[in-house]
Amino acid sequence: MNIFNKLFFWWLKPIFFREKHKSLDVDDLHNVLPEFSSKSLGDRLERGLLPFTLRLLIWHFDPRSDSTTQDACLCAVALLAMIVLQAMVGHHSVAGRKEVGMRISIAISSLVHRKILRLSISSSNEFNTGSIINILSNDVAKFEDVCMFWHYVWVLPIQGIVMAYFIWNNVGVSSLAGILFLVIQTVPVQKHLAKVTAKIRAKVASKTDERVRLMSEIVRGIRVIKMYAWEKPFENLVFLARRYEVDAIAVKSYMRGVSAATSVFAESTSMFFIIMTYVLLGNTLEASVVYSVAQYFSMIKVMITVFYPRALSSAAEARVSLKRIEDFLFLDEVDLKMNLEDVKKRNGSARIIIEDLSASWSRSTTKQVLQNINMKISAAELCILAGPTGSGKSTLLKTILGELQVNSGQIKVDGQVSYASQEPWLFAGTVKNNILFGQDYDKEKYDRVVSACALKNDFESLLNGDETYVGDRGAMLSGGQCARVNLARAIYRDADIYLIDDALAAVDSKVGKFVFDNCINGLLKEKIKILITHNSQYFQEADQIIVINNGQIDYSGTFSHLIDYRLLELPQHTSSPVVNKTPLKDESSIQNGLELKFTENKSTKVMIDEKDKLLKSKRLSTSSMCWRYFRAGGSIFALLCLVLNFVLAQASVTGCDYWLAHWIKQEESQVKTHTNNSSVSIELRFALYVFAGLLLASVIMWTASSLFYYKICMTASRKLHNQMFSCLLKSPMRFYDINPSGRILNRFSKDIGLVDETLPTTTLDALQVLLKIIGVSIQVLIINWWSIVPMIIMSTSCWKLKNVYLPTAQNIKRLESKAKSPVYSHINSTMSGLATIRSAEAQEKMKAEFDSLQNVHTSAHYLNIVSSSAFGFYIDILSVSLLAFVVFCFIILKDSNTFAGIVGLAITQILMLYGSVQYGLRQTTEMMTQMISVERIFQFTSLEQEGPFETNDNNILSKNWPQNGQIKFDRLSLKYSDEDELVLKDINLSVRPGEKIGVVGRTGTGKSSLISALFRLVNSDGSIFIDDIDIKKIGLHDLRSRISIIPQDPVLFTATLRTNLDPAQKYNDDIIWQALEDVELKSKFNTLDHQIENGGNNLSTGQKQLLCLARVIMAKNKILILDEATANVDLSTDEIIQKTIRMRFSNCTIITIAHRLNTILDSDKILVIHQGEAVEFNTPQNLLQLKDGYFSNIMNCIL
């Protein structure tokens, strides 16, 4: 890039001209610069020459001046040259400071991500995802602000001394009155406000953390929230959190309003005290003196009332943000030496030796989660870990991985370790990428792993095969299929030791046996395997069985010695618990192994195009966005009052300037006509009274207007957030399936943060400058009416320049916002898969992926910075053109009627336009650009909605509906989108009141879709009748609240036990305690205010499932749905659930989806679904008599 392109921002020309023909996309962004260098420039010192040159120019028009026209022209040229130089240096300086801030933000963001990769499990629970996203969206932005303004703290004293010296030379001791008043009314006040701001910032940050955390958990558990009809309680929770947050932000905003008002009238107030002191000391007002002093004060005023307060407030907020970041960076980390360095293979023999081990979650806790653990596993051995839910099995595996704090004893791990987690971890990408996870692609090895994990034929059934996009957190796959891909990733990695945490719970007995034989006892035959399972049919294959209870080993030995063990009470061939729908045929004929919840054959690009189409279709014009934004903050009458207040406030300020010019003109008239000055004392008193009155009016009006304005903005921000969240809750499940969590959380973190704090300030700046420009233009036209010609030319040029810049700037802002969403999704994904990432030694890969995503955002952000500076620079050049026209017109057309006071007023007012015009237009375009965040919020307020939620008046339900629990499916068909094939086809069957129905079928046959249809989570054809009422005529809240469900994945929230069980606060404490007693958890909790941490991480999977059972016990509904409710629990917990259901729901209609066939063999009827059709529906005895029947074939697989 040559010097011309650099100085004049000409390298941006292709970006702006490309926008005329085509909207910008990510491919149009420049590659991120390897380094961002910035140099400190002394532009503020250079500005000290401007008022001196201005005084010489104005003196030329004084009656006592003897300067020539040539002298005046030289002064004018010098004045214009310095302004152009100042513009060039100033805008590059601003861009440079913003680049420094951007570099700091990038570095901190990268450091935060690297810290995440080292967080211990306890630390990840302590600092949740919402807090981390808040750090990356709001806290790091504070460093950009502090870099932009902080250097004014040291520049202010230097410039202040220089300006005070020049002012002293003009008015002598009178200067002290104005300077001292300016300093007193700003510096102490701003220091106090900075301290208060720091306290408020800390409060705001904690409130924002809480809201974003709550939002993250709601997005994660939205399916459960909808099925429980909990939208309203959670809406109230978020609204309450938002109210507390906005209340804290409002205090800071009102302080900003006072500071903004001060910046408007501070100059006039200081000038009033100088002029009053000056004339009372017997001096005569001179235009050259007054307007040069005014220009000095204008410069120092901007410094002391705008930049200095912003520096203090940004520094105060940055300190709070830095403290929050420090708190995060000092969290406990995992022992990387244990996790990586000490697992290297020695002497070619892999082994695990644990001696007298005791471990806890962190160094800060004394509670031992594992005690006195002793075990030894040698090469090629299969060790099965068994025991009750919550006994410490998964904890032991994580301790081997180095995830827990070892307090005593030792662990020796010789060999590389690979790990398959209990809860499948998938990231947004293709199936193939999830399996490879950064490993080199070896086709032969890949095919072996895919086949052993029963995935080969599944890929063949998909149009895109293993290139199928799995979505965020595997949202496009069912839980069981996620588990098999998760297992395949662990197996593909070359290792000596494989830790498999209950992976076979995700498959039925047929596929489970296939995976066990071909994978665990096949591919991994020569490896060490530690398998957690509750299924006793695999025990006899183990070389060693360890039973863990309460963190201790109760039994260690072989299967033959385990027969008489008291915990083993189930038959040898108990069927495998299954989380999701896996196939029941052998591997060579498995179908739909990766069952997509909708549109199985969509590629990544098609999915992205669909999501982009959704957002683009909702795009609004800028004027429409502005109007809707302010209308959300107040009524039309309130907005009219606000506009009137601002107009009157600006009129009072303009009146001060005009009155001063009129006063000086009278003084000059007396000098020109040589009249006596006998009446000066009367005129002086009157002039001071008028000046003081106008000044007092400006102080009152601007302060009131700014406070009123921020009140409207805070109201708008709160309403927009609540409206967006309310619409989000009512959107169908399909929206959550195709949109990653990062995209949703981006709206509720970065966009809302911008609308809360940045947009109101930017808009107020633009409004103040606009009013100033209008006031100045009116004064210039009154003084020199023919200036309207260049003003029209300049206005037209500025407007055209704005039209070139604004569309590009808005598109860049859209790209910047869009590029941030994958960053948040990556953070979410990383936090949920820490153990898997570290066990796979994939930290560097995750770092590279994060940096790549960050670089895309940086490219857009940097382009936003330099394009804004380029726009401001060329606006300044246009302003200089107007100044040149006016100045040379005065010089050329000077006559006896040309007064220095009038010339001084015109030139100083235009100098106010210079800088003000570019700053105002830049802030206006920045405001319009920031309105992209408002547009993105409005997009979410226009999402497709479910409903109606309340039952129509013509179909009022009885209070205890359904009384019987009869269900009838009449020609029910269902597909998830218009492009998809039917997943349920013409289902016709009836369930009598109180019947117990078991539902079985192969993976992808439509079992869970049947539940989705019953809860109306998706639209369907045909009808479902409950107690002879078509559920389509029933409001969603009424329907869903009258049907109970225990989902396959228990969902809890970071809240009290009471809130998790009863967020709607329907039940008293006695009912809640009774429900806990029914599920045998009463002794676990001492109070209902017991805090559930981070979505239930302080509870076992079984305990979480029992809490879900307690929820349905309290509801006492007539219909109960069990969706793989016992898939992830041990046998004893399964027994508790089954016993409680038989006792508490004996008169209820129960529909059970299960792969543990022993749990449904006592059902009244069995429904077999195959390829979306109900192929069998009869009693278990009758179905077993059908030799070639579907159900009998399933039973034969486990016998």
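The sequence shown lines up with residues 22 to 1220 when you count with this note's numbering. By construction, the Cβ of each residue, glycine as well, lies at the ideal position given by its N, Cα and C atoms.
Which term fits residue i, buried or exposed, when burial requires 16 or more other beta carbons within 10 angstroms of its beta carbon?
{"i": "R384", "result": "exposed"}
{"i": "V1133", "result": "buried"}
{"i": "T1200", "result": "exposed"}
{"i": "T817", "result": "exposed"}
{"i": "T489", "result": "buried"}
{"i": "K1137", "result": "exposed"}
{"i": "S726", "result": "buried"}
{"i": "H213", "result": "exposed"}
{"i": "Q960", "result": "buried"}
{"i": "E465", "result": "exposed"}
{"i": "L525", "result": "buried"}
{"i": "S690", "result": "exposed"}
{"i": "R835", "result": "buried"}
{"i": "R277", "result": "buried"}
Starting from residue i, follow the beta strand (DSSP E) in both directions and report where the run begins and ends.
{"i": "A19", "result": "Residue 19 lies beyond the residue range present for the chain, which begins at 22 and ends at 1220; the question has no answer from this structure."}
{"i": "D522", "result": "518 to 522"}
{"i": "I156", "result": "Segment: none, I156 is in no beta strand (DSSP E) and carries neither H nor E."}
{"i": "D575", "result": "573 to 578"}
{"i": "L177", "result": "Taken as a continuous stretch (DSSP letters only), L177 belongs to no beta strand (DSSP E), being part of the alpha helix (DSSP H) at 173 to 192."}
{"i": "V568", "result": "565 to 570"}
To the nearest angstrom, how far is the alpha carbon of residue i from that of residue j?
{"i": "I549", "j": "L508", "result": "15 Å"}
{"i": "R118", "j": "K866", "result": "32 Å"}
{"i": "S1213", "j": "D758", "result": "35 Å"}
{"i": "S557", "j": "K1006", "result": "37 Å"}
{"i": "L1010", "j": "F990", "result": "5 Å"}
{"i": "L741", "j": "V105", "result": "43 Å"}
{"i": "T305", "j": "L709", "result": "14 Å"}
{"i": "I1215", "j": "N1089", "result": "45 Å"}
{"i": "E608", "j": "S873", "result": "The predicted model places E608 with a pLDDT of 38, which falls under 50 and marks its position as unreliable; any figure quoted below should be read in that light. C-alpha separation (whole angstroms): 39 Å."}
{"i": "N393", "j": "G774", "result": "50 Å"}
{"i": "G1022", "j": "T1180", "result": "15 Å"}
{"i": "E837", "j": "V233", "result": "20 Å"}
{"i": "I398", "j": "S141", "result": "26 Å"}
{"i": "I566", "j": "G1210", "result": "37 Å"}
{"i": "D1001", "j": "K477", "result": "23 Å"}
{"i": "A511", "j": "K839", "result": "32 Å"}
{"i": "F707", "j": "A670", "result": "22 Å"}
{"i": "S880", "j": "D468", "result": "39 Å"}
{"i": "L70", "j": "V121", "result": "Caution is warranted here: a pLDDT of 43 is assigned to L70, below 50, making its placement in the model unreliable, and the coordinate value is therefore given only provisionally. The straight-line gap from Cα to Cα measures roughly 28 Å."}
Would you give the residue range spanned by the alpha helix (DSSP H) that residue i belongs to?
{"i": "K419", "result": "414 to 421"}
{"i": "G1123", "result": "1122 to 1136"}
{"i": "K220", "result": "195 to 241"}
{"i": "F351", "result": "It is not in any alpha helix (DSSP H) - F351 carries neither H nor E in the DSSP assignment."}
In this structure, how does DSSP classify residue i when only helix, strand and coil are distinguished?
{"i": "Q426", "result": "strand"}
{"i": "D1090", "result": "helix"}
{"i": "T451", "result": "strand"}
{"i": "R992", "result": "strand"}
{"i": "N149", "result": "coil"}
{"i": "A713", "result": "helix"}
{"i": "A787", "result": "helix"}
{"i": "G1210", "result": "coil"}
{"i": "F1198", "result": "strand"}
{"i": "S439", "result": "strand"}
{"i": "N257", "result": "helix"}
Practice prompt. Taking only runs that begin and end inside the segment 643 to 692, name each unbroken beta strand (DSSP E) of 3 or more residues, in chain order.
Written response: Counting whole runs of 3 or more residues, the segment 643 to 692 contains no beta strand (DSSP E) stretch at all.
Worksheet entry | Any alpha helix (DSSP H) of 4 or more consecutive residues that is wholly inside the segment 1141 to 1183 | Listed in chain order, they are 1152 to 1165.
Item to complete: Note down, one range per segment and in chain order, each beta strand (DSSP E) of at least 3 residues found wholly within the segment 1004 to 1074.
Response: Runs of the beta strand (DSSP E) lying entirely within the segment 1004 to 1074, each at least 3 residues long, are 1005 to 1012, 1017 to 1022, 1041 to 1047, 1064 to 1067 in chain order.
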